[in-house]
Every structure is written in C-alpha cells, then in structure tokens.
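S.K.: One structure, pasted below without further comment.
Numbering (the working numbering), first residue to last: 16 to 97.
Spelled out as structure tokens, the structure:
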C-alpha cells in the first residue's frame, strides 16, 4: 500500500470524528470551508450550510482549523514497517 494512503485515511477520519473545521484549497485556487462528513478513495464530503462533494484530484491542500489531536500517532503508525 502507498504511504499516502496510510496517512490520508486516518487524517481525514480524525477530522471527521473530531468535527474539526477545515479549509480546503482547490487546485484552481478556490477555498472551501466546512466539516468533513465522509470520504472515500475519490471524494470528500464537506458540510457547511449544505453538503458538497469535492473530488480529491481537485484538492491542493487541506488545512485543519485546529491541531489534530492524534497527528503524531498517525505519522508514527504510517512509518512503521508492515
């Protein structure tokens, strides 16, 4: 499995579970804000006043509104050999 996949899912899941507000910057420069409510291999669902489906290939950056509480743990787990 790719290292990116090992970090991506736990990171997004932490954002979802902790209901951390996020800013998502798209590759075209548009900034979206809200809470991650769901995600899969291809999309992220972002809820603000309404739910938006954002394709991952269009995402440049995801910026959490506060520190993700278990981020160090997620990184350490991803770096462990299988």
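Even for Gly, the Cβ is constructed at its ideal location relative to N, Cα and C.
For residue 70, report the span of its beta strand (DSSP E) as first-last.
M.R.: 66–70
S.K.: Can you tell me whether residue 39 is buried or exposed, with buried defined as 16 or more other CB within 10 angstroms of its CB?
M.R.: buried
S.K.: I'd like to check one pair, residue 49 with residue 62: are the Cβ atoms closer than 7 Å?
M.R.: yes
S.K.: Taking the beta carbon of residue 26 as the centre, do at least 16 other beta carbons fall within 10 Å, making it buried, or is it exposed?
M.R.: buried
S.K.: Could you check where the beta strand (DSSP E) with residue 52 kicks off and where it finishes?
M.R.: Counted as a single uninterrupted DSSP element, the beta strand (DSSP E) harbouring residue 52 occupies residues 46–54.
S.K.: Find the nearest neighbour of residue 55 within the set 85, 31, 44 and 36, judged by alpha-carbon distance.
M.R.: 31
S.K.: Assuming residue 62 is part of the beta strand (DSSP E), what are its boundary residues?
M.R.: Under the DSSP assignment, residue 62 falls in the beta strand (DSSP E) whose first and last residues are 58–62.
S.K.: Grouping DSSP H, G and I as helix and E and B as strand, with all else coil, what is residue 7?
M.R.: Summary: the structure shown does not reach residue 7, with the chain confined to residues 16 through 97, and so no result is reported for it.
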